Amino acid sequence: MPDTKSWAGVPLHPANTAGPAPAFPWPATFSSAMFLSFDIDAESAWTGKDPAHAERLITMSYGGFEARVGTPKLLELLEQLDLKATFFITGWAADAHPAMCEAVLRAGHEVGHHGYHHLMPDPGDPHIEAEIEMGFEALKRRLGVVPKGYRAPVGEFTEQQRVSLKNHGIIYTSSFRDDVRPYRHRLADGTPGTIELPVTSSYDDWMHGLSARFSPRSIFPKEHVLSMWKDDLDETRDWGAMVTTVLHPQVSGRPMRLRLLREFLRYAKSCTDLWITTGEQIADNFLAHEAAPDGTAQSE
Ligand SMILES: [Zn+2]
82 MPDTKSWAGV PLHPANTAGP APAFPWPATF SSAMFLSFDI DAESAWTGKD
132 PAHAERLITM SYGGFEARVG TPKLLELLEQ LDLKATFFIT GWAADAHPAM
182 CEAVLRAGHE VGHHGYHHLM PDPGDPHIEA EIEMGFEALK RRLGVVPKGY
232 RAPVGEFTEQ QRVSLKNHGI IYTSSFRDDV RPYRHRLADG TPGTIELPVT
282 SSYDDWMHGL SARFSPRSIF PKEHVLSMWK DDLDETRDWG AMVTTVLHPQ
332 VSGRPMRLRL LREFLRYAKS CTDLWITTGE QIADNFLAHE AAPDGTAQSE
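Residue numbers (the numbering used here): 82 to 381.
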């Protein structure tokens with residue numbers, strides 16, 4: 082097969098041209114932050130890869146675990162620990178599992194946008210706009226929610242998305258892997274985009290905790306992951322920066338993983354310098370400082 086790839090069109094500048102993340106202070110007595118967030122994909126984690134999975138009932142059952150067990154268990158844990166989080170929910174999950182999603186809302190957590198069918202956005206993909214529109218529509222119709230935050234399904238992003246999300250009024254996005262503090266996107270035309278709350282890769286529980294026929298991986302035990310999560314957290318606290326979790330009820334809602342998460346969150350809560358909160362709160366903190374005349378509003 083002839084090699085048709087060409088690198089002649091690769092731009093000679095950074096892919097992300099956003100300026101450096103400003104060192105805005107965290108509120109009150111906090112000197113670091115944790116954006117505690119979950120992604121509710123349910124079965125759309127699987128049909129998003131291949132619609133034919135809809136008829137592969139065991140593959141689907143990994144996602145079905147979220148409504149039956151995983152999400153209720155996580156909600157219970159968050160209530161016990163008195164923590165509020167952000168749940169990025171696919172439109173499909175809101176349509177197929179309204180009771181599960183209503184329970185998230187009822188418990189006082191923030192609901193964010195996570196696409197509709199959980200399709201990986203690829204440049205030029207004709208589904209990108211429909212994914213965004215349908216996601217908004219389902220969250221509004223099922224939950225009465227107009228989301229402020231967005232996390233890209235399968236963690237991929239395109240310029241078309243950045244422009245569309247800004248035009249739809251999204252305040253913050255949380256998908257990029259390139260910083261440890263919030264920053265504001267700069268679109269290709271030079272105008273400001275959404276606030277980015279960058280993701281901490283090691284806090285994606287799927288990487289260490291779920292293996293299935295169509296997503297084969299190694300599963301790591303509690304001690305291994307806890308050690309990694311604590312080290313990332315402690316070093317980030319030393320930096321005065323932020324970590325962002327990417328947890329999934331079909332992973333972290335399973336018994337051994339829940340035990341791990343409980344232990345980790347208890348440890349995080351024992352760090353009195355750490356602000357554990359939602360994306361909306363972190364974005365509000367950013368906005369307040371950005372709007373201040375000297376760019377650093379008083380924190381209290
Ligand atoms: Zn997802």
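Backbone N, C-alpha and C fix where the C-beta goes; we use that ideal spot for every residue, glycine too. Keep in mind it's a predicted model, so treat the numbers as computed, not measured.
Which residues DSSP lists as bridging residue i, in chain order
i, result
"F105", "DSSP lists no partner for F105."
"H194", "I170 and Y231"
"E277", "T254 and Y264"
"W356", "A114"
"A293", "S296"
"D285", "V327"
"I121", "I170"
Residue i, buried or exposed, once every other Cβ within 10 Å from all chains shown has been counted against 16
i, result
"K86", "exposed"
"I300", "exposed"
"G274", "buried"
"H305", "exposed"
"V91", "exposed"
"R187", "exposed"
"H329", "buried"
"L93", "exposed"
"P95", "exposed"
"A373", "exposed"
"F367", "buried"
"P204", "exposed"
"A109", "exposed"
7 Å CB neighbourhood of residue i in its chain, flanking five on each side removed
i, result
"G360", "F116, S118, T167, E191, G193, G230, Y253, S255 and L278"
"R223", "A175, D176, P179 and C182"
"M215", "G172 and Y197"
"D365", "none"
"D285", "V327"
"Q379", "Caution is warranted here: a pLDDT of 47 is assigned to Q379, below 50, making its placement in the model unreliable, and no coordinate value can be reported."
"D259", "N97 and P279"
"R294", "T140"
"E210", "S245"
Sequence-distant residues of its chain with Cβ nearer than 6 Å to residue i (five each side left out)
i, result
"L346", "L162"
"V235", "M201"
"L342", "S333"
"Y264", "A99, A102 and E277"
"K303", "L341"
"H289", "F301 and V306"
"H134", "W127, T128 and T140"
Cβ-based neighbour list, residue i, same chain, cut-off 8 Å, excluding 5 preceding and 5 following
i, result
"S283", "M309, W310 and D313"
"S292", "R298, S299 and I300"
"H249", "I213 and F217"
"G145", "A123 and E124"
"Q331", "D122, A123, A126, Y143, G144, F146, E147, G151 and L291"
"I251", "H194, P228, K229, G230, Y231 and T275"
Three CB pairs or more closer than 8 Å across the segment 149-160 and the segment 130-141: Under the Cβ criterion (8 Å, minimum of three pairs), the segment 149-160 does not count as touching the segment 130-141.
Give a yes or no on contact between the segment 120-136 and the segment 165-174, applying the rule of three or more CB pairs nearer than 8 Å. Output reads yes: the segment 165-174 touches the segment 120-136.
Does the pairing of the segment 302-312 with the segment 100-108 give three or more beta-carbon distances under 8 Å? Result no; under three Cβ-Cβ pairs closer than 8 Å.
List in chain order: all unbroken beta strand (DSSP E) runs of 3+ residues lying wholly within the segment 297-344. Runs found: 323-325.
Should the segment 310-330 be regarded as contacting the segment 347-357, the criterion being three or more beta carbon pairs within less than 8 Å? In this structure the segment 310-330 lies against the segment 347-357, because at least three pairs of beta carbons, one per stretch, are closer than 8 Å.
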